[in-house]
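Counting from 570, one number per residue, gives the positions in the sequence shown under the working numbering.
Shown next, in structure tokens, is the structure this report addresses.
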Amino acid sequence: MKLNYLHAHIDRSELLSISRHLKEALSWLRELVEKKEVGFTELPFSSTEHIKALVEKKRRFTDTLVLIGIGGSSLGAECLINAVKGRCSSFFVLDNADPDKFASVISSIDLRRCCFNVVSKSGSTAETIANFMALIEAAKDKMGWEELKKRLVITTDPEKGSLRELCQKESIDSLSVPPNVAGRYSVLSDVGLFPAEYMGVNTDKTLNGAKKAHKDTFKDAPLENPALLIAGIHWLSYLKGKTISVMMPYSERLSLFADWFRQLWAESLGKGGRGQTPVKALGTVDQHSQIQLYNDGPKDKIITLISVEKADVDFKMGDVFEELESFSYLRGHTLKELFDAELSGTMGAFVKYGVPFIHISIERLDEESMGYLFFTYEMATAVSGFLYGINPFDQPAVEEGKRFAYGLLGRPGFEEKRKELEGLISTT
Ligand code: PA5
Numbered sequence: 570m571k572l573n574y575l576h577a578h579i580d581r582s583e584l585l586s587i588s589r590h591l592k593e594a595l596s597w598l599r600e601l602v603e604k605k606e607v608g609f610t611e612l613p614f615s616s617t618e619h620i621k622a623l624v625e626k627k628r629r630f631t632d633t634l635v636l637i638g639i640g641g642s643s644l645g646a647e648c649l650i651n652a653v654k655g656r657c658s659s660f661f662v663l664d665n666a667d668p669d670k671f672a673s674v675i676s677s678i679d680l681r682r683c684c685f686n687v688v689s690k691s692g693s694t695a696e697t698i699a700n701f702m703a704l705i706e707a708a709k710d711k712m713g714w715e716e717l718k719k720r721l722v723i724t725t726d727p728e729k730g731s732l733r734e735l736c737q738k739e740s741i742d743s744l745s746v747p748p749n750v751a752g753r754y755s756v757l758s759d760v761g762l763f764p765a766e767y768m769g770v771n772t773d774k775t776l777n778g779a780k781k782a783h784k785d786t787f788k789d790a791p792l793e794n795p796a797l798l799i800a801g802i803h804w805l806s807y808l809k810g811k812t813i814s815v816m817m818p819y820s821e822r823l824s825l826f827a828d829w830f831r832q833l834w835a836e837s838l839g840k841g842g843r844g845q846t847p848v849k850a851l852g853t854v855d856q857h858s859q860i861q862l863y864n865d866g867p868k869d870k871i872i873t874l875i876s877v878e879k880a881d882v883d884f885k886m887g888d889v890f891e892e893l894e895s896f897s898y899l900r901g902h903t904l905k906e907l908f909d910a911e912l913s914g915t916m917g918a919f920v921k922y923g924v925p926f927i928h929i930s931i932e933r934l935d936e937e938s939m940g941y942l943f944f945t946y947e948m949a950t951a952v953s954g955f956l957y958g959i960n961p962f963d964q965p966a967v968e969e970g971k972r973f974a975y976g977l978l979g980r981p982g983f984e985e986k987r988k989e990l991e992g993l994i995s996t997t
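Structure, rendered in structure tokens:
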């Protein structure tokens, strides 16, 4: 992975001026890891043998994966699979509690050929449990509970929570989310690796990439450490009024990386009145939608462009339309050449309009580069938390809305929340 920050409007001397804080952030993180309060940094060194064994067991009688989970329990796996394998017709995600989505998934699959991976660290997220329960109901006519159970893999806390209780009571195959790994930092745990391995992603190679990133992102020299660079540049930009961070990969297969990043950056750093709003964009599509604003709107953004040097496939444009002079510049070129030219064009325009950006370029889009990217961004986020003076591993403000919804649905213990909600908004 190469990181070019020449046009970030942050120079070396500014970065070096905060190098003491950046080093302190690493020491703070090392200490949390030593005390076992933070666990994501240990994930690259995990074994994948138990995951491979479980995939092999389920693959004997299933060929489709339905992942039931939301947020940190689905985005990482979805992103990894999409980045390495592209869109897969045998992989579905039930994250939203939208009945239309449930209907479209259920009508696209043969339930008896599916493996269902229910993922929830807490074991109680309403959307996940609701989709799981709706699945049991929808499968009723096709197979009984015993047959459905054979197709289940539940990924949850190793000891606590209702899903763990269910696994123990019903002897359901299960995997674990380490208690010291927050959901959005869990892609390199069983949470992301089981779905990925099932879909044919080489999870050992993914962890190898993450191991390389571990080595690089614990280096004390800020200019040689990509996580410190990302964190430092974004922090300094924030201090200069760049309150929005746009993630714009020039790669369809990396489009979900922007979704994954969006959650990581928002939920980890949006605290105590601070934080940078992450925005998802996609090159070149959003050149035709967002770039007008980025170039000529308020100068409140720092943009990250990600591109892939070597495409796995490419297509030449036909030697046609000789009579149309305005098309002739395209003849003989490939789609990748156009893609790269558009990226260079965007960078040139950013420089001209004074829009700060960093450019991350990865040689190939594969398991290793994804492992490297995930880990580097997790480290950058954790370090940013230290710079912001907030805890990047919790999400207290997410809970309030959930508590109101529980009250509304009559969950015992949340009666007062229902009353409070009725006082705040009309629920009828
Ligand atoms: O990062 C987080 O902790 C959250 O986004 C969770 O991943 C998300 O809310 C899902 O939670 P759970 O895995 O407990 O179902």
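From the three backbone atoms N, C-alpha and C, an ideal C-beta is built for every residue, glycine too.
Is the separation between the beta-carbon of Phe-609 and that of Val-750 shorter than 7 Å?
By 1-based counting over the sequence shown, the position of residue 609 is 40. By 1-based counting over the sequence shown, the position of residue 750 is 181. Closer than 7 Å, so yes.
Taking 6 Å as the cut-off, is the beta-carbon of Ile-698 closer than that to any non-hydrogen atom of the ligand PA5?
Stepping through the sequence shown from its first residue, residue 698 is reached at position 129. The ligand PA5 has no heavy atom closer than 6 Å to the beta-carbon of Ile-698.
CB of Ile-931 within 7 Å of CB of Val-877, strictly:
As a working mapping, residue 931 is identified with position 362 in the sequence shown. As a working mapping, residue 877 is identified with position 308 in the sequence shown. The answer is yes: Cβ separation under 7 Å.
Buried/exposed call for Leu-634, threshold 16 Cβ in 10 Å:
Residue mapping note: residue 634 aligns to position 65 of the sequence shown, counting from 1. So Leu-634 counts as buried.
Beta-carbon within less than 7 Å of Asp-632's beta-carbon, same chain only, minus the 5 sequence neighbours each way: which residues are those?
Locating residue 632 in the sequence shown gives position 63, where the first residue counts as 1. The beta carbon of Asp-632 sits closer than 7 Å to the beta carbons of Ser-659 and Arg-682 from its chain, once the five residues preceding and following it are set aside; these are given in chain order.
For the ligand PA5, is there any heavy atom lying closer than 6 Å to the beta carbon of Leu-753?
Here residue 753 is taken as the residue at index 184 of the sequence shown, counted from 1. Just to set this straight, residue 753 is Arg in the shown sequence, not Leu. Annotation for Arg-753 indicates a beta carbon within 6 Å of some heavy atom of the ligand PA5.
How would you label Asn-794, buried or exposed, when you count the other beta carbons within 10 angstroms and need 16 or more for buried?
Taking the first residue of the sequence shown as position 1, residue 794 is located at position 225. Classification for Asn-794: buried.
Is the number of C-beta pairs between the stretch 736-746 and the stretch 594-614 that are closer than 8 Å three or more?
With a cut-off of 8 Å, the stretch 594-614 and the stretch 736-746 do not count as touching, because too few Cβ pairs lie within range.
Should Thr-694 be listed as close to the ligand PA5, given that the test is whether its C-beta is under 6 Å from any heavy atom?
Your numbering for residue 694 matches position 125 in the sequence shown. Because some heavy atom of the ligand PA5 lies under 6 Å away, the Cβ of Thr-694 counts as near it: yes.
Taking 6 Å as the limit between beta carbons, can you name the residues of its chain near Val-653, skipping five residues before and five after?
Residue 653 sits at position 84 when you count from the first residue of the sequence shown. Only Val-770 and Glu-936 meet the Cβ criterion.
In the DSSP assignment, what are the bridge partners of Ser-876?
Stepping through the sequence shown from its first residue, residue 876 is reached at position 307. DSSP lists Tyr-819 and Ser-930 as partners of Ser-876.
Length-filtered (3 minimum) beta strand (DSSP E) runs lying within the stretch 614-664
You should have 633-637 and 660-663.
Check each candidate in Leu-907, Leu-893, Ala-880 and Gly-866 and name the one with the smallest Cα separation from Met-886.
Translated into the one-based positions of the sequence shown, residue 886 becomes position 317. Among Leu-907, Leu-893, Ala-880 and Gly-866, the Cα nearest to that of Met-886 belongs to Leu-907.
Between the stretch 764-782 and the stretch 910-929, do at least 3 Cβ pairs fall closer than 8 Å?
With a cut-off of 8 Å, the stretch 910-929 and the stretch 764-782 do not count as touching, because too few Cβ pairs lie within range.
Check whether Gly-730 and Gly-640 have beta carbons under 7 Å apart
Here residue 730 is taken as the residue at index 161 of the sequence shown, counted from 1. Here residue 640 is taken as the residue at index 71 of the sequence shown, counted from 1. The answer is no: Cβ separation not under 7 Å.
Assess, as a yes-or-no matter, whether the stretch 780-795 is touched by the stretch 972-985 under the definition of 3 or more beta carbon pairs within less than 8 Å.
Counting Cβ pairs under 8 Å, fewer than three are found: no touch.
DSSP-derived helix/strand/coil call for Ile-587
The residue labelled residue 587 in the question sits at position 18 within the sequence shown. Ile-587: coil per DSSP, three-state reduction.
With hydrogens ignored, establish whether the beta-carbon of Gly-641 is closer than 6 Å to any heavy atom of the ligand PA5.
Residue 641 sits at position 72 when you count from the first residue of the sequence shown. Within 6 Å of the C-beta of Gly-641 there is at least one heavy atom belonging to the ligand PA5.
Neighbourhood of Gly-992 by C-beta, 7 Å cutoff - its chain only, sequence neighbours within 5 removed
By 1-based counting over the sequence shown, the position of residue 992 is 423. Taken in chain order, the list of residues that qualify is empty.
Evaluate the contact criterion for the stretch 717-724 versus the stretch 778-786: three or more CB pairs, one atom per stretch, below 8 Å.
The answer is no - the stretch 778-786 does not touch the stretch 717-724, with fewer than three Cβ pairs under 8 Å.
Three-state secondary structure assigned by DSSP to Ile-871
Here the question's residue 871 lines up with position 302 in the sequence shown. DSSP, reduced to helix, strand and coil, places Ile-871 within a strand of the structure shown.
Trp-714: buried (16+ other C-beta within 10 angstroms of its C-beta) or exposed?
Walking along the sequence shown from the start, residue 714 turns up at place 145. With fewer than 16 other Cβ atoms inside 10 Å of its own Cβ, Trp-714 counts as exposed.
Over what stretch of residues does the alpha helix (DSSP H) that includes Pro-668 continue unbroken?
Taking the sequence shown and counting its residues from 1, the one referred to as residue 668 is at position 99. The continuous alpha helix (DSSP H) containing Pro-668 extends over residues 668-675.
Can you list, in chain order, the residues of its chain with a C-beta nearer than 7 Å to that of Ser-691? Leave out the 5 residues immediately preceding and following it.
In the sequence shown, residue 691 corresponds to position 122, counting from 1. Counting only Cβ-Cβ distances below 7 Å, and skipping sequence neighbours, we find Gly-730.
Please go through the same chain and pick out, in chain order, the residues whose beta-carbon is closer than 7 Å to the beta-carbon of Leu-956, but skip the five residues on each side of it.
Taking the sequence shown and counting its residues from 1, the one referred to as residue 956 is at position 387. The beta carbon of Leu-956 is closer than 7 Å to those of His-590, Ala-594, Ala-800 and Trp-804 in its chain, skipping five residues each way along the sequence.
What span of residues does the alpha helix (DSSP H) with Ser-1003 cover, start to end?
Residue 1003 is absent from the model: the chain starts at 570 and stops at 997.
Decide yes or no for the touch test of the stretch 807-826 against the stretch 963-975: beta carbon pairs closer than 8 Å, at least 3 of them.
By the Cβ test, the stretch 807-826 is not in contact with the stretch 963-975, since fewer than three Cβ pairs between them sit closer than 8 Å.
May I ask you to verify whether the stretch 817-835 touches the stretch 859-878, counting CB pairs closer than 8 Å and requiring at least 3?
Touching, yes, given that three or more Cβ pairs across the two stretches are closer than 8 Å.
Just the Cα atoms here: how many angstroms apart are Phe-926 and Asp-580?
Sequence index remark: in the sequence shown, residue 926 carries index 357 (1-based). Sequence index remark: in the sequence shown, residue 580 carries index 11 (1-based). Looking at the backbone, the Cα of Phe-926 and that of Asp-580 are separated by about 12 Å.
Give me the Cα-Cα distance between Ile-705 and Phe-671, rounded to the nearest whole angstrom.
Here the question's residue 705 lines up with position 136 in the sequence shown. Here the question's residue 671 lines up with position 102 in the sequence shown. Cα to Cα, the separation comes out at about 12 Å.
I'd like to confirm something about Lys-670: is its beta-carbon nearer than 6 Å to some heavy atom of the ligand PA5, or not?
Start at 1 with the first residue of the sequence shown, and residue 670 comes out as number 101. Relative to the ligand PA5, even the nearest heavy atom lies 6 Å or more away from the CB of Lys-670.
Under DSSP, the alpha helix (DSSP H) around Asn-864 begins and ends at which residues?
By 1-based counting over the sequence shown, the position of residue 864 is 295. Unbroken alpha helix (DSSP H) run through Asn-864: 860-865.
Taking C-alpha atoms, which residue in Leu-572, Pro-748, Lys-571 and Glu-600 lies nearest to Ala-951?
If you number the sequence shown from 1, residue 951 lands on position 382. Selected option, being the one with the closest Cα: Glu-600.
Given 8 Å as the limit, is there contact between the stretch 841-855 and the stretch 610-625, that is, 3 or more CB pairs closer than that?
No: fewer than three Cβ pairs fall under 8 Å.
Residue from Ser-995, Ile-587, Lys-571 and His-578 whose Cα sits closest to the Cα of Ala-790:
Sequence index remark: in the sequence shown, residue 790 carries index 221 (1-based). Comparing Cα-Cα distances from Ala-790 to each of Ser-995, Ile-587, Lys-571 and His-578, the minimum goes to Ile-587.
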